[in-house]
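One gets this note's numbering by counting positions in the sequence shown from 1 and adding 187 to each.
Glycine included, each C-beta is placed from N, C-alpha and C at the ideal position.
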Amino acid sequence: MQILKKMKKTGGEKPLRVNILRHLGLTILLAAVIATVFTAWNPYHEDQLTLVERIQSIFASNPGGNSGSFPTPTPQPRPTIGLIPGHQGISGGAECPDGLTELSVNQNVAFKVMELLVADGYDVDILDEKDPDLENYYALALVSIHADSCEFINEQATGFKVSPALDATRPDKSIRLSSCLTSRYMETTQLPIHTGSITHDMTQYYAFNIIRQDIAAAIIELGFLNLDRQILTEQPDLLAEGVYRGILCYIHNEDATLPTGP
């Protein structure tokens, strides 16, 4: 009654009744529409698609989907191996009377080792002998590849030798790398070990003192340019295979027992 009285003061009772009837009619109409929609879209109705079928139909109608909106996985960095072709960037190293240089042998083998490692899923850094990048350098392993003198010393001046970075904070890693290189190189090339000629230049190799001290590092002398000249110049693939297998032996933590002779 208070509402009706108030409405009379502003225009009378009739407009209020009309408005009430109008809103009631709209409400009934809206309810009817909603009921019709829910009847037509019944997820449990036997004529309706299942949820899986609905999803499949959506993707079927849009083959491209929204695949472009999914984040692209970040590729994992490939493990890195460092190789130093001995004397690269500073000199030719040992040189034979006919012009054959140690550097040419070292480079030939080092780049073949690189090819094998890259094909096996590794990144390889080829570094100069006194490369600035060696300062605090780190990788899974670092191997410096050299060859020995071209002078005739004696009949026993044949074979290869390997020395680890013993002054590192983790000499065990370098010793294991050295053992693996010795084992696999000997097994692959059938060259003997010439341990008696390991020099101070090998044990205190320049790079050993500037690389990061927890890296596994070693230096290998592939053979003598005099008595081992044939295998050094004619079978670089075989030498590279031996170095490559030695590096993998270390990475995969394989047995590094030296092969027994025939």
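Own chain residues within Cβ distance below 6 Å of residue i, not counting five before or after
i, result
"S336", "A281"
"I406", "S331, S350, M389, Y392"
"L290", "H274, G279, G280"
"K360", "A403"
"D415", "T345"
"L304", "I268, V311"
"T369", "V349"
Whole-angstrom distance between residue j and residue i, CA atom to CA atom
i, j, result
"L426", "F347", "11 Å"
"M301", "L270", "8 Å"
"I380", "H333", "15 Å"
"L287", "L445", "31 Å"
"R432", "N295", "17 Å"
"R371", "V430", "7 Å"
"E322", "R399", "7 Å"
"T356", "E441", "22 Å"
"E316", "N341", "29 Å"
"D285", "D318", "29 Å"
"E338", "F411", "9 Å"
"G308", "R265", "7 Å"
Residue i, buried or exposed, once every other Cβ within 10 Å from all chains shown has been counted against 16
i, result
"N293", "buried"
"R363", "buried"
"L353", "exposed"
"E408", "buried"
"T386", "exposed"
"I277", "exposed"
Secondary structure of residue i, DSSP reduced to three states
i, result
"S350", "strand"
"D310", "strand"
"D318", "coil"
"S361", "helix"
"G410", "strand"
"A328", "strand"
"I438", "helix"
Whole-Å CB distance - residue i paired with residue j, under 8 Å assumed
i, j, result
"I438", "L327", "6 Å"
Contacting residues, own chain, Cβ-Cβ under 7 Å from residue i (five flanking each side not counted)
i, result
"K299", "P423, D424, A427"
"T375", "L425, E428, G429, R432"
Sequence-distant residues of the same chain with beta carbon closer than 8 Å to residue i, five excluded per side
i, result
"D320", "D312, L314"
"Y325", "I398, R399, D401, I402"
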